[in-house]
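Adding 785 to a residue's 1-based position in the sequence shown gives its number in my numbering. Heads up, the beta-carbon is just placed ideally off N, CA and C, and yes, glycines get one too.
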Amino acid sequence: MSVFLYHRKKSINWVERMEIKEFGPSWLMPMLRADYFATCRFHGDSNKSECNLFCLDCCGNAICPYCLIHHKNHHTVQIRRSSYNNVVRVNEIQRYLDISCVQTYIINSAKIVFLNERPQARPGKGVTHHCEICGRSLVDAFRFCSIGCKLGGLNRGDSKLSFTLKMNHMIHGYEFHGELLRGSVSSGEEEGTNNMSPGTPPIFNNRNSSRRKGVPHRAPF
786 MSVFLYHRKK SINWVERMEI KEFGPSWLMP MLRADYFATC RFHGDSNKSE
836 CNLFCLDCCG NAICPYCLIH HKNHHTVQIR RSSYNNVVRV NEIQRYLDIS
886 CVQTYIINSA KIVFLNERPQ ARPGKGVTHH CEICGRSLVD AFRFCSIGCK
936 LGGLNRGDSK LSFTLKMNHM IHGYEFHGEL LRGSVSSGEE EGTNNMSPGT
986 PPIFNNRNSS RRKGVPHRAP F
C-alpha cells in the first residue's frame, strides 16, 4: 500500500464520506480532506519536506515548503499538529473563513482550531457543552469541535450557519469577500506589513509656526 493510501485510510471520518456540496468556499472540502504531513513526492530527498501547507487557489493536495515556488502570490495556510490531529491557527484561517461557533484552543501561545473531529473514548462527567455533530466534550459554549463538524451542521440544514464572512474588509486595497482576496497579496507581504508600527508624527506647535523670526542682535561685550 502506498504512503498516500495509507494516510488516507487512517484519516477517514464523516467528512470523507460526505456528499460534495457547496456549503462554503470551493477550497474548504479539499482542505479538510488533504493528506498532511506525508513526505512530498517531489522533494522527498530534501530536509523538512513534509506536506504541511495548503493552497487555497489550487485546491489540490497538501504541499511542502519547497513547492511554494510554484504557488507564487497564491493564498496558503499552514497546517500544524496537536496530538496527531491537524490544526490551523485562527489568525490565518479567519482571513478566509467564518469560524464562529467552533471551539478554539490555545497551543504554544497561539489560538488554533481543529480541522476535523477527533476520536474520544468517553465524555467526561459534569461536561455541559458538547459538539452537536460528534458529541465531543467542549470547554466553552461553542457548538462544534472543529471546522469539519461545523460543515456537518451546514449539511444538516442549519440555515443560521455560514462560512462566509459577514462583512467585507479592505486589506492593503484588496477587497475580501470571505472566499479569497480579490488581488495578489502574498502571505509574506501581509505579515511584514502587519508587523510594522506607524511612525510617530512630529509635534506641531501652532503658536511657534506663526511666530516671525526677529532681527538678530549681537551680544554686548
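The C-beta distance from residue 884 to residue 891 rounds to 15 angstroms, too long to meet the 8 angstroms contact threshold.
Taken through DSSP and simplified to helix, strand or coil, residue 935 comes out as helix. When beta bridges are read from the DSSP output, residue 893 appears opposite no residue. Residue 918: not part of any alpha helix (DSSP H); DSSP gives it neither H nor E.
When the Cα atoms are used, residue 813 and residue 860 turn out to be separated by approximately 13 angstroms.
Ranking 851, 941, 855, 857 by CA distance to the CA of residue 828 puts 851 first.
Rounded to whole angstroms, the Cβ separation of residue 901 and residue 871 is 7 angstroms, and the two are in contact under 8 angstroms. Membership of residue 826 in any alpha helix (DSSP H) is not indicated, and neither H nor E is assigned to it by DSSP. Distances from the CA of residue 868 to each of 905, 810, 924 were compared; the closest alpha carbon is that of 905.
Per DSSP, the continuous alpha helix (DSSP H) segment holding residue 876 begins and ends at 875-878.
Rounded to whole angstroms, the gap between the alpha carbons of residue 936 and residue 808 is 7 angstroms. In the three-state reduction of the DSSP assignment, residue 818 falls in the helix class, which pools H, G and I. The Cβ atoms of residue 897 and residue 874 sit closer than 8 angstroms to each other.
Of the candidates 880, 910, 848, 880 places its Cα closest to the Cα of residue 949.
About 10 angstroms separates the CB atoms of residue 825 and residue 838; that is not less than 8 angstroms, and the two are not in contact. The straight-line gap separating the alpha-carbon atoms of residue 914 and residue 893 is approximately 24 angstroms.
Residue burial is scored here from C-beta neighbours: residue 819 has at least 16 other C-beta atoms within 10 angstroms and is therefore classed as buried.
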